[in-house]
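Q: Oh and the sequence shown: position 112 is 120 in this note's numbering, straight run, nothing missing. Sharing a structure below in structure tokens format, with a few things to ask.
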Amino acid sequence: MTRLRIPTGPQEMNADWLTRALHEGGALRKARVTGFEVETISEGVGLVGQVVRVTPHYDRPEEGAPVSLVAKFPSAIPENRFIGHMFRFYEREVRFYETIAAEVGIATPRRYYSDMDLERGDYVLLLEDLAPGRRLGDQVSSCPLEEAELAVREAARLHAAWWQSPRLEELDWMPYVDDPINKAAQVPFQQAWEPFLHRFGDRLPLWLPEAARKLEGNIGNILERFARPPRTIVHGDYRLDNMFFGEEHGRPSLAVIDWQITCRGRAVFDVAYFTCTSLDVELRRRHGLDLLRLYHCTLEEAGAQGYSFEECLTEYRMGAFFCLVYAVITGGTMDWANERGAALATAMVDRTVSAIAELEAVDAI
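Shown next, in the form of structure tokens:
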């Protein structure tokens, strides 16, 4: 049987291709896809990929056949596709689901099928659709304290599962935090600064430009600090928009998606990024340090050693400062015709600036 071609987008899928892909991945045994509907579930200029929900129709009933699934492809926008390929976002996510998704200590979607062409930058990833049984988080709206506690506990379990593991060395497709790929963030940070000031200047404190200059000169130093042992797997984009909340066996549960920028390194940045950009200012102000203590306690209970709370707190403050890189790039490049994207950028900026001030994060460098 000839190898399946890699569709460059949902428009290149057909019923025969989807049938073969689901058979090869073990999601189907005898049933065949006779047709399907496609629904776009993410869009916007800032995205490096196309994500759609596919609802297949089958020629016969089959237990376990996916009622719906999520398909991911490279961006249809050439500039965004180039970024996704250059930074190896596509390769990282495919490798993650193909090799270690079942071993990361937290719930992730099941992989039905994947393939990629590293030279061309083509890839396709078919995943379990978590939406029918779970609720997607909303970074703009924040979340209740109970869900924030669940998120930091699950982050600790993820990090503890690979804490100082010898197998980290085998993951050569996953860069270290201080890889030149990540240090290159200094360039888009510089490019986004003026548009960022134009859009947000009237709501920024007077001390921020000087702080931003200090951050720009220390991006490499911060990443080198975060690359030292003890190392583990860092999600890198640990925020509410990438979390599905539900229940399992009568208890709250969490599943995490979007593993395109996962890295190897020190992991408390995931917690800093979550609390400082996903939680509303008042919730983070009242409970942020308690959430960090919960994270550290759960980390130790899960077997992670050699990382004091004092060190964790220092790097949490550094991580809060580094969140300004994300806020500036997002705020300076967001398509403001996208109403939800504009609201997200504004929330990230306000929350990050507040966290940096209250944690005195500039002094952590």
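Virtual Cβ for every residue (Gly too), placed ideally from N, Cα, C.
1) Checking the sheet assignment: what are the DSSP bridge partners for G43?
2) For a test of the three-state rule: what should DSSP assign to P18, helix, strand or coil?
3) Here's a check: name, in chain order, each residue in its chain whose Cβ is nearer than 6 Å to the Cβ of V53, leaving out the five neighbours to either side.
4) Can you tell me where the alpha helix (DSSP H) with D358 in it begins and where it stops?
5) With 16 as the cutoff for other CB atoms within 10 Å, does D298 come out buried or exposed?
6) Which class does G54 belong to by DSSP, given the choice of helix, strand or coil?
7) Is the Cβ-Cβ distance between G273 and A312 less than 8 Å?
8) Looking at the secondary structure, which residues open and close the beta strand (DSSP E) in which M251 lies?
9) Please state if the CB of W171 and the CB of P238 are separated by a distance shorter than 8 Å.
10) Less than 8 Å separating the beta-carbons of A369 and A363?
11) In whole angstroms, give me the CA-to-CA distance for G33 and F197.
12) Whole alpha helix (DSSP H) runs in the stretch 158–223 with 4 or more residues, listed along the chain?
13) Quick one: grab the DSSP three-state call for R272.
14) Where does E308 fall in DSSP's three states?
15) By the 10 Å Cβ neighbour count, where 16 or more other Cβ atoms means buried, how is M94 classified, buried or exposed?
16) My output table needs one value for I49: the three-state DSSP class, helix, strand or coil.
17) Output the distance between the C-alpha atoms of T322 and A280, rounded to the nearest integer angstrom.
18) Tell me which same chain residues have a C-beta within less than 6 Å of the C-beta of D288, skipping the five on either side of it?
19) Of the choices W267, R28, G17, whose alpha-carbon is the least far from that of V46?
20) What are the boundary residues of the alpha helix (DSSP H) that L30 is part of?
21) Quick check: what's the CA-CA separation for G349 versus V148?
22) For E177 and P69, I'd like the C-alpha separation in whole angstroms.
23) Tell me the rounded alpha-carbon separation between S173 and A109.
24) Apart from the five residues just before and just after Y324, which ones in its own chain have a Cβ nearer than 6 Å to its Cβ?
25) What does a CB cutoff of less than 8 Å around E202 pick up in its chain, not counting 5 residues either side in sequence?
26) If you draw a straight line from the alpha carbon of H257 to that of D180, how long is it in whole angstroms?
27) Expressed to the nearest angstrom, what Euclidean distance is found between the alpha-carbon atoms of I227 and L133?
28) Use the C-beta contact count for S316: other C-beta atoms within 10 angstroms, 16 or more gives buried, fewer gives exposed.
29) Is the stretch 328–339 close to the stretch 216–233, with three or more CB pairs under 8 Å?
30) In angstroms, rounded to a whole number, what distance separates the CA positions of R128 and R165?
A: So, to answer that:
1) Residue numbering aside, residue 43 sits at position 35 when the sequence shown is read from its first letter. G43 is bridged to H65.
2) One-based indexing of the sequence shown puts residue 18 at position 10. P18 falls in the helix class under three-state DSSP.
3) Counting from 1 along the sequence shown, the entry for residue 53 is found at position 45. Summary for V53: the model assigns pLDDT 43, below 50, so the residue's position carries little reliability; its value from the coordinates is reported in the next sentence. So the qualifying residues of the chain are D343.
4) Counted from its first residue, the sequence shown places residue 358 at position 350. Per DSSP, D358 belongs to the alpha helix (DSSP H) from 347–366.
5) Residue 298 sits at position 290 when you count from the first residue of the sequence shown. Classification of D298: exposed, given that the 10 Å Cβ count is below 16.
6) Position 46 of the sequence shown, counted from the start, is the residue given in the question as residue 54. Bear in mind that the predicted position of G54 carries a pLDDT of just 49, short of 50, making it unreliable; the figure below should be weighed with that in mind. In the structure shown, G54 sits in coil (DSSP, three-state: anything other than H, G, I, E or B).
7) Position 265 of the sequence shown, counting from 1, holds the residue named residue 273. Position 304 of the sequence shown, counting from 1, holds the residue named residue 312. No, they are not a contact pair.
8) In the sequence shown, the residue the question calls residue 251 occupies position 243. Note, M251: beta strand (DSSP E), 251–256.
9) As a position in the sequence shown, residue 238 is number 230, starting the count at 1. As a position in the sequence shown, residue 171 is number 163, starting the count at 1. Their beta carbons are under 8 Å apart, which means P238 touches W171 by this criterion.
10) As a first step, residue 369 must be located in the sequence shown, where it is residue number 361. As a first step, residue 363 must be located in the sequence shown, where it is residue number 355. Yes, the pair counts as a contact, with Cβ atoms nearer than the cut-off.
11) Within the sequence shown, residue 33 is the residue found at index 25, counting from 1. Within the sequence shown, residue 197 is the residue found at index 189, counting from 1. Whole-angstrom Cα-Cα distance: 40 Å.
12) The stretch 158–223 contains these whole alpha helix (DSSP H) runs: 188–191, 194–208.
13) The residue you call residue 272 lines up with position 264 of the sequence shown. If DSSP states are grouped into helix, strand and coil, R272 belongs with the strands.
14) For the purposes of this step, residue 308 is identified with residue 300 of the sequence shown, where counting begins at 1. E308 falls in the helix class under three-state DSSP.
15) Residue 94 sits at position 86 when you count from the first residue of the sequence shown. Per the 10 Å Cβ criterion, exposed.
16) Taking the sequence shown and counting its residues from 1, the one referred to as residue 49 is at position 41. Strand, per DSSP.
17) For this step, residue 322 is matched to residue 314 along the sequence shown. For this step, residue 280 is matched to residue 272 along the sequence shown. Taking the straight line joining both Cα atoms gives about 11 Å.
18) Indexing the sequence shown from 1 puts residue 288 at position 280. Taken in chain order, the residues that qualify are S150.
19) Taking the first residue of the sequence shown as position 1, residue 46 is located at position 38. Considering only alpha carbons, the answer is G17.
20) Here residue 30 refers to the residue found at position 22 when the sequence shown is read from its first residue. Start and end: 23–32.
21) The residue given as residue 349 occupies position 341 in the sequence shown. The residue given as residue 148 occupies position 140 in the sequence shown. Between the alpha carbons of G349 and V148 lies a distance of about 9 Å.
22) Reading the sequence shown from its first residue, position 169 is the one you call residue 177. Reading the sequence shown from its first residue, position 61 is the one you call residue 69. Distance between the alpha carbons of E177 and P69 is about 44 Å.
23) The residue labelled residue 173 in the question sits at position 165 within the sequence shown. The residue labelled residue 109 in the question sits at position 101 within the sequence shown. Cα-Cα distance, rounded: 15 Å.
24) Looking up residue 324 in the sequence shown gives position 316. Leaving aside the five residues that flank Y324 on each side, the residues in its chain whose CB is nearer than 6 Å to its CB run, in chain order, V276, A280, L300.
25) What you label residue 202 is simply residue 194 of the sequence shown in a count that begins at 1. Here the set comprises G340.
26) Here residue 257 refers to the residue found at position 249 when the sequence shown is read from its first residue. Here residue 180 refers to the residue found at position 172 when the sequence shown is read from its first residue. So the two alpha carbons sit approximately 37 Å from each other.
27) Counting from 1 along the sequence shown, the entry for residue 227 is found at position 219. Counting from 1 along the sequence shown, the entry for residue 133 is found at position 125. Going from the Cα of I227 to the Cα of L133 covers about 32 Å.
28) Here residue 316 refers to the residue found at position 308 of the sequence shown. S316 comes out exposed.
29) yes
30) If you number the sequence shown from 1, residue 128 lands on position 120. If you number the sequence shown from 1, residue 165 lands on position 157. Looking at the two C-alpha atoms, the distance is approximately 36 Å.
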